[in-house]
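Single-structure report; data block below.
Numbering (full-length UniProt numbering), first residue to last: 1 to 319.
Spelled out as structure tokens, the structure:
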């Protein structure tokens, strides 16, 4: 999570936008807990034969009002959060396009033009994603997960909650392993991307010399080798990325199986109602997002950790 400490100067600068986003995300997280609880009450009323038209209309009305409020709050946090991250990208682009113009020749002997081009494209995007979607995944994922977990344990059944979450420590271990792999592979991919940019620049700038000395084939082979290396490193990043979702879905599937099996046994023992089990499974579905958010967060933080330090070394001045 070091990327967030490094960006603390920006969070202080944009504290109003981040405060609005966090407040709106908190509201969304709390309001989202209402519909599953209402659905559980409706199922219980239906199963015991006490469901009336008035009861149904009132509860459906509550669900609609919650949905409208969630929609408005989601608009608010998207505008605030992504507006702030776009502002960060603007500042970094301004920095990387203005500071190099004031540097001595030694600056360009130490840094390839292709590397500077990579910083102005992929690296800025990685940092922007960390300041936007990374904050979303960190706060919303953690808050939604804890709030949902508290409701499941306190208001429905803590034994069933513990049973349903048995697979998650194993999933968490694999997410940590994938994060380590991603950091290494993304570092390599960014370095190869800079090499590719430099190869393109050298090829274009020396085009006349290449033709004059008849080195077209040699240059094609050299460029093909650089492009192939870049492709391979990006494929390694994609392979690591592709591991997150299946691992999380496997954990979710195992949790649903355990919750339905355990819930059916509790209903048979008279310790849980059908409506409570319905609410429980809906809340368990909510837990998919926090787990996806953790995987996404590890991914975004890993990329941002690799990219951001380059902006402090792109100029002798402190970034």
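Glycine is no exception: its CB is placed at the ideal position from the N, C-alpha and C atoms.
Residue environment, residue i, which counts as buried when at least 16 other CB atoms sit within 10 Å
i           : result
residue 269 : exposed
residue 224 : exposed
residue 221 : exposed
residue 204 : exposed
residue 159 : exposed
residue 71  : exposed
residue 173 : exposed
residue 35  : buried
residue 52  : exposed
residue 317 : Residue placement at residue 317 is flagged as unreliable, the pLDDT there being 41, under the threshold of 50; the coordinate-derived value follows with that caveat. Result: exposed.
residue 68  : exposed
residue 257 : exposed
residue 228 : exposed
residue 98  : exposed
residue 7   : buried
Whole-angstrom distance between residue j and residue i, CA atom to CA atom
i           : j           : result
residue 175 : residue 236 : 16 Å
residue 33  : residue 240 : 33 Å
residue 264 : residue 3   : 45 Å
residue 48  : residue 37  : 17 Å
residue 131 : residue 76  : 17 Å
residue 191 : residue 308 : 14 Å
residue 261 : residue 278 : 13 Å
residue 271 : residue 44  : 14 Å
residue 86  : residue 254 : 39 Å
residue 19  : residue 90  : 20 Å
residue 50  : residue 82  : 47 Å
Under 8 Å between C-beta atoms of residue i and residue j
i           : j           : result
residue 213 : residue 298 : no
residue 24  : residue 73  : yes
residue 141 : residue 21  : no
residue 144 : residue 290 : yes
residue 41  : residue 275 : yes
residue 66  : residue 31  : yes
residue 157 : residue 266 : yes
Contact with chain B by residue i, beta-carbon distance below 8 Å
i           : result
residue 295 : No chain B appears in the structure shown, which is made up of a single protein chain.
Opening and closing residue of the alpha helix (DSSP H) in which residue i lies
i           : result
residue 225 : 216 to 268
residue 91  : 53 to 98
residue 179 : 168 to 205
residue 22  : 15 to 31
residue 156 : Run containing residue 156: none; DSSP gives neither H nor E here.
residue 128 : 124 to 129
residue 281 : 274 to 286
DSSP three-state assignment for residue i, whether helix, strand or coil
i           : result
residue 305 : helix
residue 49  : coil
residue 8   : helix
Contact test: residue i Cβ vs the ligand FMN heavy atom, cutoff 7 Å
i           : result
residue 261 : The ligand FMN is not among the ligands present in this structure, which contains no ligands whatsoever.
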